[in-house]
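Colleague:
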């Protein structure tokens, strides 16, 4: 996998695209990704994009990752979301000691699901911790080999992250949503689970990475994954735009004598929608390129300015892509509400993405606080 190029991975996505598309409806109904799609993406090497070359991954530049994630999102947003989330959390292994990394990668490139709020109750045991708790939004937890959740000892100032095999936790049927239904973002729960010390990590900026994780990509974490969330919004809106262009070339609305393609309002709205999609893509890509250059040049974690730019880029993309789809729906009319047409799912998915905490409206304010020199109020802007 380490020798795969971006062209190789794009070719792999093209080859498995019919499989991903063919299972999308079942993923929506089952509320988690199909095992066949997960396996196909894994076997294609797509889960190695953020993995160090030293451990069999591709360790791609984040701008290349964005291109690949968007390509999958154009086919199925849920598959792309799992791909981004399970890689991004696996990259958190950069905080583990070498013994923990060795265990995590013992059977090849790991896939890891989980979330980092709220923390489970942690009680110190002999050589580790005993955890009891429940965490929501563990996207892709039905298929990954590992899980991670936060934990905190009573009276401790800060939580820590704990890695453990998926079979050690119970997956709860809690994922019932408007959109992004196929992501399997259910709650996971553990009771009195022992986690050894070498599988725990601090929730803090990266300071002393283990061998293989020294590159700029890991000093960008978690933003190396958060920008992927923005790429999914772009992919969803781009797919909707393509479908709408095709429809406009053939549809004449009921009770009208003018085809959509010849209506000035449709022309205006479609042009505006495309402008928002392309601006979103360009904004995220340039922010990612600039951030990578920032950490590569300095050898340090991301600067405050770089984090502000990344936060604003993903928030803007989520918002602008939702606006683009609303314009598209105004053009395609009742086609936007019919099951069987793609537009109703694109609408649901892009607006569900807009509510994700990493890029919801309050994150504009989080970036604004840092612009004014005020105390940070958002955990990922402290990394």
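In the numbering used here, the protein residues as written are 243 to 625. Ideal placement from N, C-alpha and C gives every residue a C-beta, glycine not left out. Quick caveat: nothing in here was measured; it's all calculated off a predicted structure.
1) Can you give the Cα-Cα distance for residue 385 and residue 268, rounded to whole angstroms?
2) Classify residue 560: buried if its beta carbon has 16 or more other beta carbons within 10 angstroms, exposed otherwise.
3) When DSSP labels each residue in this structure, what does residue 519 get in the three-state scheme?
4) Cα separation between residue 469 and residue 499?
5) Can you give the beta carbon distance from residue 255 to residue 314, rounded, assuming they're within the 8 Å contact cut?
6) Taking the alpha-carbon positions, what's the residue 423 to residue 550 distance?
7) Our contact map puts residue 473 next to residue 312 with C-beta atoms below 8 Å; I'd like the distance itself, whole angstroms only.
8) When you compare each of 438, 320, 319 to residue 368 by their alpha carbons, which one comes out closest?
9) What first and last residue would you give for the alpha helix (DSSP H) that runs through residue 339?
10) Under 8 Å between the Cβ atoms of residue 431 and residue 376?
11) Using 8 Å as the Cβ pair cut-off and three pairs as the minimum, do the segment 244-253 and the segment 337-357 touch?
12) Under a Cβ-count criterion, where at least 16 other Cβ atoms within 10 Å of its own Cβ denotes burial, should residue 460 be classed as buried or exposed?
13) Please specify which runs of the alpha helix (DSSP H), each continuous and at least 4 residues long, are wholly inside the segment 490-545, giving them in chain order.
14) For residue 275 versus residue 251, is the C-beta spacing smaller than 8 Å?
15) Count the other CB atoms within 10 Å of the CB of residue 238; is the residue buried (16 or more) or exposed (fewer)?
16) Count the other CB atoms within 10 Å of the CB of residue 529; is the residue buried (16 or more) or exposed (fewer)?
17) Using the C-alpha atoms, what's the distance from residue 310 back to residue 249?
18) Considering only residues of the same chain and omitting the five flanking positions on each side of residue 623, which have a CB-CB separation below 7 Å?
19) Among 404, 347, 341, which residue has its Cα nearest to the Cα of residue 371?
20) Residue 442 by DSSP, collapsed to three states: which one?
21) Between which two residues does the alpha helix (DSSP H) harbouring residue 325 extend?
22) Could you tell me if residue 542 is buried or exposed, where buried requires 16 or more neighbouring beta carbons within 10 angstroms of its beta carbon?
23) Which residues mark the beginning and the end of the alpha helix (DSSP H) in which residue 613 is found?
24) Is it the case that the Cβ atoms of residue 462 and residue 490 are separated by a distance below 8 Å?
25) For residue 278, report the span of its alpha helix (DSSP H) as first-last.
26) Opposite residue 408 in the DSSP bridges: which residues?
27) Between which two residues does the beta strand (DSSP E) harbouring residue 390 extend?
28) Going by alpha carbons, who is nearest to residue 481 out of 295, 571, 496?
29) Report the rounded CA-to-CA distance for residue 475 versus residue 563, giving the unit in angstroms.
30) How is the alpha helix (DSSP H) around residue 260 delimited, first residue to last?
31) Comparing alpha-carbon positions, which option in 308, 588, 317 lies nearest residue 523?
32) With residue 373 as the anchor, note down where its beta strand (DSSP E) starts and where it stops.
33) Using three-state DSSP, classify residue 419 as helix, strand or coil.
34) Classify residue 614 as buried or exposed, calling it buried when 16 or more other Cβ atoms lie within 10 Å of its own Cβ.
35) Please classify residue 398: does DSSP put it in a helix, a strand, or coil?
36) Relative to the alpha-carbon of residue 411, which residue among 394, 378, 400, 440 has its alpha-carbon at the smallest distance?
Modeller: Straight from the coordinates:
1) 15 Å
2) buried
3) helix
4) 44 Å
5) 6 Å
6) 30 Å
7) 5 Å
8) 438
9) Where residue 339 is concerned, there is no enclosing alpha helix (DSSP H), given that its DSSP letter is neither H nor E.
10) yes
11) no
12) buried
13) 506-540
14) no
15) A question about residue 238 goes unanswered here, because the residues of the chain that appear run from 243 up to 625.
16) buried
17) 10 Å
18) 549, 553, 608, 612
19) 404
20) strand
21) 319-332
22) exposed
23) 604-613
24) no
25) 277-285
26) Beta-bridge pairing links residue 408 to no other residue.
27) 388-395
28) 571
29) 6 Å
30) 248-272
31) 308
32) 370-380
33) coil
34) exposed
35) coil
36) 378
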